[in-house]
Structure formats: structure tokens, C-alpha cells
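Comments concern the structure below.
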Amino acid sequence: MMSMTLSEKIIAKAAGQDSVVPGEIVVCAVDLAMMHDSSGPRRAGKYLDELGVPIWDKDKLVIITDHYINDPDPGSIRTQEITHQWVADKGIENFYPEQGICHVILPEKGHIKPGLFCVGADSHSTTAGAYGAFMVGVGATEMTGVLATGEIWVRVPETLRINVTGRLSPGVAAKDVILKLCGDIGVMGANYMAVEYGGDAVKAMTMDERMTLTNMAAELGAKTGIIAPDAVTVETLADYGADNVDVETWQGDDDAKVARTIDINGAGLAPQVAAPSNPENAANVGISAGTKVGQAYIGACTGAKLDDLRMAAQIVKGRQKSVNTRFFVAPATHRIRDIAAKEGILKILEDAGAKILPTGCGGCIGLGDARLDEGMTGISSTNRNIVGRAGPATSKRSLG
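Just so you know, we're using our numbering here: the sequence shown kicks off at 503 and counts up by one.
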């Protein structure tokens with residue numbers, strides 16, 4: 503049998519073939535489909551109803567509300583009504599309303615395992631690749647096809663291998679690695695590629711940190727991001743109640759061909775900040791020294807996991823925010839919020855002047871209390887800082 507990367511092995515399995523090669527077009531059976539309140543029932547669900555066909559497999563569909571929640575706007579309220587009604591009408595059991603951000607909820611609830619071929623109606627669905635799954639973001643039209651048939655066509659992507667070596671210095675994390683990569687190759691530097699992360703620095707990362715890498719593969723223009731599963735993967739999934747996790751099968755072959763390899767010296771990496779209004783504006787944090795910040799936001803699928811909150815608490819412990827700066831924290835899920843509260847993390851953040859916001863996507867997409875004001879400059883742990891993403895077009899956001 504020919505040698506294949508991890509992504510190629512998963513695609514081959516889903517396509518019912520012994521092997522696949524980059525550029526080949528195949529039809530894959532979907533193991534899991536995920537939609538949220540913005541992309542799901544009001545869009546793909548509506549299209550499916552217009553077709554008049556049933557969902558191919560309700561047990562393989564997960565719906566999560568995380569976007570238009572905690573928002574009194576009539577449009578947001580209507581979106582929630584549509585979502586809840588559609589879920590009830592279809593009898594969807596895997597429904598998680600207002601429990602957390604979809605990309606973090608999926609593994610927490612035991613839906614992600616190595617070797618699965620998954621689709622999500624959100625561009626950052628690539629996050630699941632941290633667990634050795636192949637997951638891609640799709641639009642409403644493609645998701646409608648998946649809901650109806652359980653299948654989707656795929657052009658097998660080339661693989662970009664990222665080797666991160668050396669021990670990361672104190673204060674340097676996975677977010678700095680991916681921002682460095684955004685700065686080096688640009689937001690389309692991995693266009694339609696499977697970005698495979700490896701190296702001893704990645705192996706030393708927790709699952710929370712690995713999720714940051716695969717999450718922001720989307721900012722590189724990648725089809726997905728993926729990391730080979732190991733003992734850390736198994737241990738984390740066991741904590742989430744998942745069993746029968748197959749690690750041995752889902753490893754890429756050492757001699758598999760890849761399109762490109764990039765080596766990053768983690769030991770020599772400095773903390774990164776991406777200046778407005780593009781993730782590829784990443785540079786060493788020192789370049790941004792002296793920039794006045796009106797708001798700091800810790801939240802989103804990228805930067806509000808438990809490890810993110812722990813790191814933030816270590817930094818601000820015993821300190822106070824500036825009176826001229828707003829400070830918001832929105833834990834990624836209720837589970838994370840509860841653990842952070844028990845560990846005293848939330849109190850440390852509050853003592854430093856942070857306001858703890860309800861779980862959800864709000865601050866990342868310009869909704870709720872963390873929406874930037876006119877002309878305001880903010881910094882956040884989110885993944886995108888394009889113009890108008892977090893507030894009015896006159897506002898600016900850096901990423902850190």
C-alpha cells in the first residue's frame with residue numbers, strides 16, 4: 503500500500519478506498535456534521551426543508567447555539583426561536599443550547615475522535631483536527647447536501663507540514679506559534695492545504711494549546727489543520743467520556759510525500775501580536791509597545807479555553823487594569839467556567855478588573871458588551887481582526 507499522510511488516510515477511509523493522492527476528487531461519507539445557530543436551521547435547515555427530504559442520520563448531527571445568544575436584539579431572539587423549533591421538529595438529540603462555543607463543545611461532549619471525517623458549518627471547524635480528526639468548514643449549500651445524503655465531494659488536499667521544535671519560553675504559547683506562521687506565509691499561505699503540525703514542541707502541548715493551532719489553520723487558508731493523536735489525546739478524550747480511541751491506526755506514514763515543510767524554532771520564538779487589521783500583520787510584541795488599548799478581550803474558540811484562562815490569571819495576578827481600558831473575559835464553555843471558578847482563576851481575573859461575560863461568540867463577532875466602540879483600539883485572544891469584525895469600521899483590533 504502506498505504511503506499516505508494522516509489526512510489522506512482519513513479521506514481514503516471515508517471514500518471507501520485503499521488510498522488517495524493529492525488532487526484526486528472523491529466522495530466521502532460523513533461521520534459527523536455540526537451546525538450552530540447562525541449557520542444551521544435558519545439556513546441549511548431551511549434549504550433541507552425546501553427539498554422535502556429527511557436528515558440522513560440524526561445521530562451524526564450536532565447542533566450548538568453560541569453565536570446569537572445573550573443578545574436582546576429581535577433578530578437574535580428570532581434566530582434562537584427558529585433553531586429550537588427546528589431541533590424539536592426534527593428530533594435532534596445532540597443539541598447543546600448556550601452551553602459553549604461549538605468548536606470546544608464538540609470534543610467536550612465526546613463527539614470527536616481520531617480518524618473521523620467531519621464537516622462543520624463554520625470556518626473554524628478545523629479545530630477538531632487537534633484530536634486527529636479531519637474536519638472542514640463548509641457553507642450552507644454544501645451542508646444541505648450533507649444533511650440530505652451524508653456525503654460530500656472532496657478534492658484531496660496537499661499537505662503542509664509544520665515542525666515546531668524546542669521548548670517554548672515562558673510567556674510564549676501556541677497562539678504565538680500560529681501568529682508567527684500567519685506573519686511568515688500570509689493568510690492564504692496554505693490555500694486548500696491540510697496543515698499538519700508536529701515536532702517535539704507540539705507533542706509537549708496540552709490539547710487546549712493544540713486546538714489553538716488547528717483552529718487558526720483557517721487563517722492560513724487551509725482546508726484543515728491536523729495533529730496526530732497520542733497519549734495526551736487519549737487522556738483528554740477519556741476525561742470527556744470518550745472510549746475506544748484508536749491512536750495507532752491514525753498516524754501518517756513517515757515517508758509520505760508532502761508539498762512543503764516549514765520548521766519553526768519554538769525555543770527562539772518571542773510573543774507575537776498581530777496588528778490591525780490582518781492576522782498576517784503578526785510581529786514580535788515589542789513592536790507594538792506603547793500602543794494605547796481601550797479594551798482587552800479574552801474569549802472565543804481560540805483563546806478562552808481553560809489553559810488560556812490559566813495563563814491570563816498568571817499574568818494579571820496582583821495587578822490592576824488601567825482605568826482607561828475595559829477588560830472582558832468570556833470562558834469558552836460552561837464546563838471551563840466552572841473549573842476556572844473552582845480553581846480561583848475567575849476571582850484573580852475579576853480582582854484585576856475583568857468583567858466575566860456569559861459564554862458565547864459575542865465579543866469575537868462584535869455582539870454584546872465586548873463590541874468595540876467607534877474609533878476604539880482593542881486587543882483580543884480571538885482569531886480574526888478584519889475591519890468591522892469586532893465593532894464599527896472605525897474600530898481596530900490586534901490579536902495576541
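Think of the CB as a built atom: it goes at the ideal place given N, C-alpha and C, for glycine as much as any other residue.
Endpoints, the beta strand (DSSP E) within which residue i is located
{"i": "G788", "result": "Note, G788: premise wrong, no beta strand (DSSP E); not H, not E."}
{"i": "W655", "result": "E653 to R657"}
{"i": "R828", "result": "R828 to V831"}
{"i": "G805", "result": "First-last for G805: A802 to G805, but that is the alpha helix (DSSP H), not the beta strand (DSSP E)."}
{"i": "K898", "result": "K898 to L901"}
Alpha helix (DSSP H) segment containing residue i, residue limits
{"i": "M690", "result": "Taken as a continuous stretch (DSSP letters only), M690 belongs to no alpha helix (DSSP H), as it is neither H nor E."}
{"i": "N610", "result": "First, the amino acid is wrong: residue 610 is Glu here, not Asn. Looking at the DSSP string, the run of the alpha helix (DSSP H) that includes E610 is C604 to E610."}
{"i": "Y598", "result": "First-last for Y598: F597 to P599, but that is the beta strand (DSSP E), not the alpha helix (DSSP H)."}
{"i": "L811", "result": "L808 to V818"}
{"i": "A696", "result": "Element bounds for A696: not the alpha helix (DSSP H) but the beta strand (DSSP E), A696 to G700."}
{"i": "V621", "result": "From DSSP, V621 is part of no alpha helix (DSSP H) but of the beta strand (DSSP E) over F619 to G622."}
{"i": "N717", "result": "M709 to N717"}
Residue environment, residue i, which counts as buried when at least 16 other CB atoms sit within 10 Å
{"i": "R657", "result": "exposed"}
{"i": "V712", "result": "What sits at residue 712 in the sequence shown is Arg, not Val. It is buried - the Cβ of R712 has at least 16 other Cβ atoms within 10 Å."}
{"i": "D624", "result": "buried"}
{"i": "L556", "result": "Contrary to the premise, residue 556 reads as Pro rather than Leu in this sequence. It is exposed - the Cβ of P556 has fewer than 16 other Cβ atoms within 10 Å."}
{"i": "P672", "result": "exposed"}
{"i": "A791", "result": "exposed"}
{"i": "R762", "result": "exposed"}
{"i": "M690", "result": "exposed"}
{"i": "L553", "result": "exposed"}
Nearest residue (CA-CA) to residue i, options the options
{"i": "A535", "options": "G691, Q519, F619 and V734", "result": "F619"}
{"i": "T599", "options": "P616, T567, T629 and A650", "result": "The sequence shown places Pro at residue 599, rather than the Thr named in the question. Comparing Cα-Cα distances from P599 to each of P616, T567, T629 and A650, the minimum goes to T567."}
{"i": "A706", "options": "L670, G723 and G727", "result": "L670"}
{"i": "D575", "options": "G864, M637, T738 and T884", "result": "G864"}
{"i": "Y570", "options": "N693, C530, V889 and T861", "result": "T861"}
{"i": "K807", "options": "I789, M537 and P609", "result": "P609"}
{"i": "I850", "options": "T628, K611, M813 and M504", "result": "M813"}
{"i": "S815", "options": "S824, C803, V825 and V831", "result": "Ser is not the amino acid found at residue 815; the sequence shown has Ala there. Closest option to A815, Cα to Cα, is V831."}
{"i": "C803", "options": "R873, T884 and K857", "result": "T884"}
Residue i - DSSP class collapsed to helix/strand/coil
{"i": "M637", "result": "strand"}
{"i": "Q519", "result": "coil"}
{"i": "G770", "result": "helix"}
{"i": "H836", "result": "helix"}
{"i": "Q944", "result": "Any answer about residue 944 is impossible in this case: the structure gives the chain only from 503 up to 902."}
{"i": "R663", "result": "strand"}
{"i": "A758", "result": "coil"}
{"i": "K725", "result": "coil"}
{"i": "D875", "result": "coil"}
{"i": "A706", "result": "coil"}
{"i": "G631", "result": "helix"}
>> My parser needs the alpha helix (DSSP H) runs of 4 or more residues fully inside the segment 521 to 573; what are they?
In response: 548 to 553
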